[in-house]
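Notes follow the structure.
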Amino acid sequence: MTIPKRALRRAAAALAVGVVVLSASACGLVEQLFVGPNDARWGHAADAEIGPDTIEFVAMVTETVCASGRSSEGRIIGPDIAYTDEAVTITFAVRPLGGGAQDCPGNPSTPVMVRLDEPLGDRALLDGGTDPPREPPVCQNPDFCD
C-alpha cells in the first residue's frame with residue numbers, strides 16, 4: 145500500500161506540532177518538579193524583645209531572588225529550626241513564582257511567627273539563610289528588611 149505524499153506531509157506536520165506542544169508542556173512540568181525553593185533571609189523588628197526567655201517572635205522573611213517585588217506570602221517554607229548548645233539557627237525558604245524570569249525591584253518582607261520548642265537561653269539566634277549562619281539584622285523598615 146502506498147501512502148500519498150500529501151498525507152505524509154500532513155501527518156509529519158501534525159506530529160511536529162504535537163512534539164512542540166508536548167515539549168512546551170513538559171518544560172513547565174520539569175520546572176515545577178525540579179526547581180528547588182529559593183533562598184530567604186530573615187530579620188526581626190526593632191521593637192522585638194529577643195532575650196533568654198524568648199520562645200516566640202515574628203521573623204521578617206525576605207526572598208533573596210528576583211520576584212518582581214511580590215510578597216512571598218503563601219510561598220514560605222519553614223521555619224526549619226536547629227537547636228545546639230551554642231545557637232538556635234532558623235532557616236526559611238520560598239517556593240518560586242511560576243512564569244519564568246522575574247524583575248528585580250527588591251522584595252518586601254513577609255512576617256512569619258516563629259515558636260521555639262524551648263527558651264532561647266544564652267544561645268545565639270542565627271539566620272540559617274546565610275553561609276555561614278549569622279545574627280539576623282534588626283529591621284528598621286519592616287516592609288523591606290535587609
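Just add 144 to the spot in the sequence shown (first one is 1) and you have the numbering used here.
We treat Cβ as the ideally placed atom computed from N, Cα and C, and that holds for glycine.
Would you call the region 274-285 and the region 181-200 in contact, with 3 or more CB pairs under 8 Å?
Under the three-pair Cβ rule at 8 Å, the region 274-285 counts as touching the region 181-200.
May I have the straight-line CA-CA distance separating D271 from T235, to the nearest angstrom?
Taking the first residue of the sequence shown as position 1, residue 271 is located at position 127. Taking the first residue of the sequence shown as position 1, residue 235 is located at position 91. About 6 Å.
When the Cα of F288 is compared with those of S216, I194, G222, which residue comes out closest?
Taking the sequence shown and counting its residues from 1, the one referred to as residue 288 is at position 144. It is S216.
Residues near V174 in its chain [Cβ-Cβ closer than 7 Å; skip 5 each side]:
Against the sequence shown, residue 174 aligns to sequence position 30. Annotation note: pLDDT 44 at V174 (below 50); position unreliable, no value reported.
Compare the beta carbon distance of L241 and P196 with 7 Å and say whether it is the shorter of the two.
Against the sequence shown, residue 241 aligns to sequence position 97. Against the sequence shown, residue 196 aligns to sequence position 52. Contact: no.
Count the other CB atoms, across all protein chains shown, that sit within 10 Å of the CB of A237; report buried if there are 16 or more and exposed otherwise.
Position 93 of the sequence shown, counting from 1, holds the residue named residue 237. In the assembly as shown, A237 is a buried residue. Its beta-carbon has 16 or more other beta-carbons within 10 Å.
What residue from L260, V258, A231, P252 has the CA that sits closest to T267's CA?
In the sequence shown, the residue the question calls residue 267 occupies position 123. The sequence shown places Arg at residue 267, rather than the Thr named in the question. The residue from L260, V258, A231, P252 with its alpha-carbon nearest to that of R267 is A231.
Are the CB atoms of V209 and V256 within a distance shorter than 7 Å?
Taking the first residue of the sequence shown as position 1, residue 256 is located at position 112. Taking the first residue of the sequence shown as position 1, residue 209 is located at position 65. No; because the gap between Cβ atoms is not below 7 Å, this pair is not in contact.
Using the C-alpha atoms, what's the distance from G180 back to A245?
Within the sequence shown, residue 245 is the residue found at index 101, counting from 1. Within the sequence shown, residue 180 is the residue found at index 36, counting from 1. When rounded, the separation of the alpha-carbon atoms in A245 and G180 is 15 Å.
Contact check, A214 vs R239, beta carbons under 7 Å
Residue mapping note: residue 214 aligns to position 70 of the sequence shown, counting from 1. Residue mapping note: residue 239 aligns to position 95 of the sequence shown, counting from 1. At residue 214 the sequence reads Arg, which differs from the Ala that was named. In this structure, R239 does not lie closer than 7 Å to R214 by Cβ.
CA-CA distance, E262 and P276?
Here residue 262 is taken as the residue at index 118 of the sequence shown, counted from 1. Here residue 276 is taken as the residue at index 132 of the sequence shown, counted from 1. Spanning the alpha carbons of E262 and P276 requires a straight line of approximately 23 Å.
C-beta contact flag for L260 and I221 at 7 Å
The sequence position of residue 260 within the sequence shown is 116, counting from 1. The sequence position of residue 221 within the sequence shown is 77, counting from 1. Result no, Cβ atoms of L260 and I221 do not sit closer than 7 Å.
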